[in-house]
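Numbering (full-length UniProt numbering), first residue to last: 1 to 580.
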């Protein structure tokens, strides 16, 4: 029973315009943590608590409806005998809603039953596989608390499992969750009609006008007459949608209602324009102000080849690259021919690096592999006036695994990358060397919104000396993304009045991020490591600091204030850009 003081009843009788514009109230909820989380998330009195225009009249209506709404919510978690009371009081000008919850005993799932009928019964192999799978899934539910979400998921996943292969027309004839209040038990029962077994029919493609049909037909591995498989359809859809020529793709089947039960494949695509031009401007403390332009043409020689070009101008670096990317082969390998130029003026060394190469790569859901053959020529000028012009022809392999919950803004998971490459002297190379390099990052979500990030890198170039090796195959460290608190690429080997690349590198970093407001986070970090001529002469340094992170729509943007412990210096690290 709710308690309404006399003076509050008078307040209800006054005109609406006399009510205060900002009505506030407190909620006192007496419930276990399990019930508290559910009710605080879904009850209207919590949703309205911070609304400026909420009125006493609306609050009274919500209080009247609250017990029924709360018991319905609690029933979804197996508390079918829950008792909920709500009352209202005004004490010392404070409006308070008191809610008391007695959960009672929770109901547990006792038995699960799935019955399949229809033509699938005669398909003994498929029938047995499905029934074994359903028995395992049901066993995972039995003796666990009932919940509406578990029941809904059981129905959905069971039907989808039948539909996934050969029987896409399967339907749910009946479903019941029998609740036994006296035993506090629930039984899940499903009856599924399989429908006929289907095979794939011919395919048709719709939406093409700019690009050749072979772009899609070369990706189709499904054969006519092959048993229906939803995985095959979704894989094909993902393949097409990931192609640069298409914005969206939909791959589906049309199910024949009469025998023969053939499912023709319909492929609908939305093309992107032939030409794409974009640019960006930005700033980073590593290379200062920058501007970038990129142009892409999606149908070179009317074969669906992609011509890609980029130009990047920064104060300390300038780069240009052109490439031709061939469509994926049926083997899923992608081929690329490219050439690039990179000019740098960093740490007393002026470098001009020219590259041409061919590469062969394959991307999976988690693992990416790239093989490339590239020729490099570099001109290096040092602060003391000396000059070098090494060249190398290298064969390289890069292996990457990403197991992340979100690639753009990961919160949990890890990334590992391993590289191996080298050259042989006299084969368009000035030195024989082998370069091994690995790096990794681990993301751990802590609590609700905090995060711990650990990163490390380790590498070595095996050679008699660094002479004759282009800078790409040596190592330098320092700056944002490396060891903060030190200038960009300032950690390496001191030679000729400049800092040049060394043959070894080792770095590690630990960063903790904590939410501040909305998409902003505060960070504290420790970085350690460096690069050197060899492991004996490597002199690792330490950087510590604080920073801010903004989870923008295009990814995380960060700013750091770092202290280089070994050099006793403070450095500010920042990077941002605007794409147009």
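We put the CB at the ideal spot given by N, CA and C, even for glycine.
This one's a predicted model, so the numbers in the text were calculated from it and none came from an experiment.
Member of 400, 410, 398 and 462 whose CA lies at the smallest distance from the CA of residue 424: Among 400, 410, 398 and 462, the Cα nearest to that of residue 424 is on 462.
Could you give the residue range of the beta strand (DSSP E) that holds residue 91? It spans 83 to 91 - the beta strand (DSSP E) in which residue 91 sits, taken as one unbroken run.
Let me know the secondary structure DSSP gives residue 559 once reduced to three states. Strand, per DSSP.
In chain order, each beta strand (DSSP E) run of at least 3 residues that lies wholly inside the segment 458 to 538: Qualifying beta strand (DSSP E) stretches, in chain order: 493 to 495, 498 to 500, 504 to 515 and 520 to 532.
Assign residue 116 to buried or exposed, taking buried as 16 or more other Cβ atoms, counted over all protein chains shown, within 10 Å of its Cβ. Burial check for residue 116: the Cβ neighbour count within 10 Å reaches 16 or more, so the residue is buried.
What does the alpha-carbon distance come out to for the pair residue 213 and residue 358? Roughly 26 Å separates the two Cα atoms.
Inter-stretch contact at 8 Å, needing at least 3 Cβ pairs: the segment 297 to 309 / the segment 204 to 218: Three or more beta-carbon pairs drawn from the segment 297 to 309 and the segment 204 to 218 are found closer than 8 Å, and the two stretches are therefore classed as touching.
Please report how far the alpha carbon of residue 30 lies from the alpha carbon of residue 44, in whole angstroms. Rounded to the nearest angstrom, the two C-alpha atoms are 17 Å apart.
Return the Cβ separation of residue 533 and residue 493 in integer angstroms, given the expectation that the two are a contact with Cβ distance under 8 Å. Indeed they touch by this definition, with Cβ atoms about 5 Å apart.
CA-CA distance, residue 531 and residue 297? Between the alpha carbons of residue 531 and residue 297 lies a distance of about 40 Å.
Should residue 415 and residue 407 be called a contact, given that it needs their Cβ atoms to be closer than 7 Å? Cβ distance not < 7 Å, so residue 415 and residue 407 don't count as in contact.
Relative to the alpha-carbon of residue 571, which residue among 95, 543, 156 and 374 has its alpha-carbon at the smallest distance? It is 543.
Spatial neighbours of residue 560 within its chain, please: C-beta separation below 6 Å, excluding the five flanking residues on both sides. In the same chain as residue 560, and ignoring 5 residues on each side of it, the C-beta atoms closer than 6 Å to its own belong to 484, 545, 547 and 573, in chain order.
Less than 6 Å separating the Cβ of residue 133 from some heavy atom of the ligand GTP? Summarising the ligand content, the structure contains no ligands, and the ligand GTP is consequently not present.
Using three-state DSSP, classify residue 202 as helix, strand or coil. Here residue 202 sits in strand by DSSP.
Under a three-way DSSP split, which group does residue 76 fall into? Residue 76: coil per DSSP, three-state reduction.
Near residue 264, which residues of its chain fall below 6 Å by C-beta distance, leaving aside the five closest residues on each side in sequence? Answer for residue 264: 201, 202 and 254, listed in chain order.
When burial is assigned at 16 or more other CB atoms within 10 Å of the CB, is residue 536 buried or exposed? Exposed, by the Cβ-count rule.
Whole beta strand (DSSP E) runs in the segment 193 to 261 with 3 or more residues, listed along the chain? Entirely contained in the segment 193 to 261, the beta strand (DSSP E) runs reaching 3 residues are, in chain order, 199 to 206 and 246 to 253.
Keeping to the same chain, check which residues put their C-beta closer than 6 Å to that of residue 8; ignore five residues upstream and five downstream. Because the pLDDT of residue 8 is 35, which lies under 50, any placement of that residue in the model is unreliable, and the number read from its coordinates should be weighed accordingly. Contacts found: 90.
Do residue 240 and residue 249 have their beta-carbon atoms positioned less than 7 Å apart in this structure? Result yes, Cβ atoms of residue 249 and residue 240 sit closer than 7 Å.
Rounded C-beta distance between residue 120 and residue 88? I'm assuming under 8 Å. Contact flag wrong, Cβ pair sits at about 58 Å.
Where does residue 142 sit, in a helix, a strand or coil, going by DSSP? Residue 142 falls in the coil class under three-state DSSP.
Local conformation of residue 120 per DSSP, three classes: It is helical.
For residue 377, which residues of its own chain have a beta-carbon under 6 Å away from its beta-carbon, when the five flanking residues on both sides are left out? The residues 354 and 391, in chain order, have a CB closer than 6 Å to that of residue 377 in the same chain once the five nearest residues on each side in sequence are set aside.
Measure the C-alpha to C-alpha separation of residue 86 and residue 139 and round it to an integer number of angstroms. Their backbone Cα atoms lie some 39 Å apart in a straight line.
Looking at the unbroken alpha helix (DSSP H) that takes in residue 150, where does it start and where does it end? Judged by DSSP secondary structure, residue 150 falls within the alpha helix (DSSP H) whose first and last residues are 148 to 163.
Please report the distance separating the alpha-carbon of residue 180 from that of residue 92. C-alpha separation (whole angstroms): 47 Å.
I'd like the span of the beta strand (DSSP E) that includes residue 29, first residue to last. It spans 26 to 30 - the beta strand (DSSP E) in which residue 29 sits, taken as one unbroken run.
Neighbour flag for residue 412 against chain C, beta carbons, 7 Å: Absent from the structure: chain C. Only one protein chain is present.
Apart from the five residues just before and just after residue 224, which ones in its own chain have a Cβ nearer than 7 Å to its Cβ? In chain order, 200, 201 and 202 place their CB closer than 7 Å to the CB of residue 224, counting only its own chain and leaving out the 5 sequence neighbours on each side.
In chain order, what residues of the same chain lie with their CB nearer than 8 Å to the CB of residue 145, ignoring the 5 residues before and after it? The residues are 77, 78, 106, 107, 108 and 109.
Tell whether a beta-carbon distance below 7 Å holds between residue 308 and residue 291. Contact flag unset, no.
Quick one, which of 256, 68 and 287 has its alpha-carbon nearest residue 83's? Selected option, being the one with the closest Cα: 68.
Per-residue DSSP class, three states only, for residue 8: Low per-residue confidence applies at residue 8: pLDDT is 35, beneath 50, and the placement is therefore not dependable, though the value from the model is reported in the following sentence. Assignment of residue 8 by DSSP, reduced to helix, strand and coil, places it in the helix class.
Bridge partners of residue 576, per DSSP? DSSP output for residue 576 lists 283 as bridge partner(s).
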